[in-house]
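Chemist: Just so we're aligned, residue 4 is where the sequence shown starts under our numbering, counting upward by one. For each residue, glycine too, the CB sits at the ideal point set by N, CA and C.
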Amino acid sequence: MQVLRTAHEDEAASLTAGIIAQELRARPGLVLGLATGRTMDLVYAHLVRLHREDGLDFSRCQAFNLDEYAGLAPDHPGSYRRYMEDHLFRRVNIQAQHTHMPDGLAPDLALECQRYETLIRASGGMDLQLLGLGWTGHLGFNEPPAAFDSRTHVSRLMELTREQNAALFGGDVSAVPELAITMGLGTILEARRCLLLVTGAAKASILARVVEGPVTPMVPGSALQRHPDCRVIVDAEAAAELGTG
Ligand code: GLP
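1. What residues are listed by DSSP as bridge partners for Y72?
2. Short of 6 Å in beta carbon distance, which residues of its chain neighbour S126, apart from the five on each side in sequence? Order them along the chain.
3. Beta-carbon separation of R159 and E193 under 8 Å?
4. Less than 7 Å between C-beta atoms, sequence neighbours within five positions excluded: which residues of the same chain meet that for Q167?
5. Mapping the DSSP letters down to three states, classify R118 as helix, strand or coil.
6. Between M186 and the ligand GLP, is there a pair consisting of the residue's CB and a ligand heavy atom that are separated by less than 7 Å?
7. Determine the burial state of H11: buried for a count of at least 16 other Cβ atoms within 10 Å of its Cβ, exposed for fewer.
8. Leaving out five residues before and five after R30 in sequence, what residues of the same chain have Cβ atoms less than 8 Å from its Cβ?
9. Going along the chain, which residues of its own chain have a beta-carbon closer than 7 Å to the beta-carbon of V176, five neighbours each way excluded?
10. Let me know the secondary structure DSSP gives R196 once reduced to three states.
11. Compute the Euclidean distance between the alpha carbons of D111 and H156, then round it to the nearest angstrom.
12. CA-CA distance, Y119 and M104?
13. Unbroken alpha helix (DSSP H) runs of length 4 or more, entirely within the segment 96-144: which are they?
14. Report the rounded CA-to-CA distance for L122 versus I23, giving the unit in angstroms.
15. Hey, is G107 close to the ligand GLP, as in C-beta under 7 Å from one of its heavy atoms?
16. Please check the pair L171 and P77, which I expect to be a contact at CB under 8 Å, by giving their CB distance rounded to whole angstroms.
17. Should L142 and L188 be called a contact, given that it needs their Cβ atoms to be closer than 8 Å?
18. Buried or exposed, going by whether 16 or more other CB atoms sit within 10 Å of the CB of L114?
19. Can you tell me the Cβ-Cβ gap for V234 and L7, rounded? I've got them flagged as a contact below 8 Å.
20. Please state if the CB of E240 and the CB of A251 are separated by a distance shorter than 8 Å.
21. From L134 to G21, what distance separates their C-alpha atoms?
22. Return the chain-ordered list of same chain residues with a C-beta closer than 6 Å to the C-beta of H54, the five sequence neighbours on each side being excluded.
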């Protein structure tokens with residue numbers, strides 16, 4: 004793991020977007036793994052600006068999102084499809100048929116997990132996977148204890164995770180779905196490169212466990228210590244409990 008330290012969250016997001024843009028320019032057919040959450044708002048704002056001002060071209064890129072809630076319509080304000088459409092997809096020239104997410108409304112969720120996993124494999128797997136970090140240490144919705152070899156599956160969300168994500172549900176924790184479909188840690192770890200973006204004081208303690216603690220299923224993000232090409236981009240607040248190295 005290589006930790007890249009920045010001063011502020013905007014600098015962290017700008018560096019993250021810059022790395023994505025560089026990879027996309029080098030390989031226009033990039034298979035990009037994408038993440039949601041407030042941490043990503045600024046990353047997508049930077050990517051939209053790079054598209055508008057510098058002509059960053061998404062037309063040949065394929066996008067696979069990490070996860071989606073079960074039971075939400077795509078236009079529900081809390082759904083990750085809606086998040087991605089609002090923040091990125093309809094603001095850049097990515098082709099709609101290249102934007103992939105698990106279908107949280109699928110009648111058979113287990114079958115939907117298999118379909119998604121097969122689609123990822125058929126595309127050749129992710130070249131670059133963008134990741135945020137949950138308060139529980141989760142990646143995607145892989146909650147502790149998390150198997151490091153899991154594939155796309157249905158996950159039952161922890162109470163803390165539902166609290167973390169309540170803002171898009173009017174602050175009502177009970178409105179946050181209890182189930183979601185998520186890429187597994189095994190799926191994520193097969194990405195050729197990983198980029199973990201973590202900002203803000205609320206994540207300082209869990210970030211230190213992810214980066215410097217033991218590799219353990221109790222801290223799903225610690226699995227990234229085993230990834231051969233993982234960069235962790237942090238701001239000063241999130242880095243507060245990291246060693247000085
Ligand atoms: C959700 C997503 C995670 C994401 C997390 C971070 O739980 N499933 O993939 O990392 O939110 O959220 P935020 O950036 O809002 O802190």
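Modeler: Working from what's here:
1. A183
2. V34 and Q65
3. no
4. G137 and W138
5. helix
6. no
7. exposed
8. D130
9. R165, E166 and A169
10. strand
11. 12 Å
12. 8 Å
13. 112-125
14. 22 Å
15. no
16. In fact, because the Cβ distance is near 14 Å, the residues do not count as touching under 8 Å.
17. yes
18. exposed
19. It should be noted that the sequence gives Arg, not Val, for residue 234. At roughly 6 Å, the Cβ-Cβ gap stays under 8 Å, so R234 and L7 are in contact.
20. Look at the range of the chain in this structure, 4 to 248, and you will see that residue 251 is not part of it.
21. 15 Å
22. V95
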